[in-house]
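K.L.:
Below you'll find the structure I mean.
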Amino acid sequence: MNSEILTIDELMERAGKDIERKLVYCIPIFILAVITPILAWYSFVIPETEEPAIWFQRSGSLTVLFAVWMEYNLMKVNEHVFPSGHTFSQQAALAKKYQPIFKVAQYMAVLLAIMGTVIWGYGDLFK
Numbered sequence: 753m754n755s756e757i758l759t760i761d762e763l764m765e766r767a768g769k770d771i772e773r774k775l776v777y778c779i780p781i782f783i784l785a786v787i788t789p790i791l792a793w794y795s796f797v798i799p800e801t802e803e804p805a806i807w808f809q810r811s812g813s814l815t816v817l818f819a820v821w822m823e824y825n826l827m828k829v830n831e832h833v834f835p836s837g838h839t840f841s842q843q844a845a846l847a848k849k850y851q852p853i854f855k856v857a858q859y860m861a862v863l864l865a866i867m868g869t870v871i872w873g874y875g876d877l878f879k
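Encoded structure:
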């Protein structure tokens, strides 16, 4: 059994790396969420039997899926960025460092979810 004892600084360093990894992981998900409807709009990825308007509309569901996936990853970061209960000064510093980028990523995920929902519901009328 591994009984490793870590200092607060080591724990915060690990938490910082975990936050960075999860935030960076959101980048390709964001790109997929944005590029999917663009590819569908310009009919780059469309089966021969489908109409372009319907395919664009369906791309909205994938955009919503990616937005939810992105938000799921951000939920794992939330506990570090907005700590509750008794906190150490190192936790406060870590939270202050990552809160701005976390909030931007959260807003982007919500925006993608809204955009995907509109495309999913009314995409055939736009095309």
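When we follow the numbering used here, the leftmost residue of the sequence shown carries the number 753, and every step to the right adds one. For every residue, glycine included, the Cβ atom is placed at its ideal position computed from N, Cα and C.
Helix, strand or coil: how does DSSP classify Pro799 here?
P.N.:
Coil, per DSSP.
K.L.:
Pairing CB atoms from the stretch 834–846 with CB atoms from the stretch 793–805, are three or more of them under 8 Å?
P.N.:
no
K.L.:
Would you decide whether Phe808 is buried or exposed? Buried here means 16 or more other CB atoms lie within 10 Å of its CB.
P.N.:
buried
K.L.:
For Met827, count the other beta carbons within 10 Å of its own beta carbon; 16 or more makes it buried, fewer makes it exposed. Which is it?
P.N.:
exposed
K.L.:
Do you know offhand how far Thr801's Cα is from Lys774's?
P.N.:
39 Å
K.L.:
Rounding to the nearest angstrom, what Cα-Cα distance links Glu803 and Thr869 in this structure?
P.N.:
In a straight line, the C-alpha of Glu803 is about 20 Å away from that of Thr869.
K.L.:
Is the CB of Lys828 under 8 Å away from at least one CB in chain E?
P.N.:
Annotation note: the requested chain E is absent from the structure, which comprises a single protein chain.
K.L.:
Compute the distance between the beta-carbons of Tyr850 and Val862, then report whether it is under 8 Å.
P.N.:
no
K.L.:
Quick one: what's got a C-beta closer than 7 Å to Leu784's C-beta in the same chain, skipping five residues either side?
P.N.:
For Leu784, same chain residues with a beta-carbon under 7 Å away, outside a window of 5 residues either side, are Phe818 in chain order.
K.L.:
Kindly indicate the opening and closing residues of the alpha helix (DSSP H) around Phe840.
P.N.:
DSSP places Phe840 in no alpha helix (DSSP H); its state is neither H nor E.
K.L.:
What is the DSSP secondary structure of Leu758, reduced to helix, strand or coil?
P.N.:
coil
K.L.:
Rounded to the nearest angstrom, what separates Ile790 and Asp761 at their Cα positions?
P.N.:
44 Å
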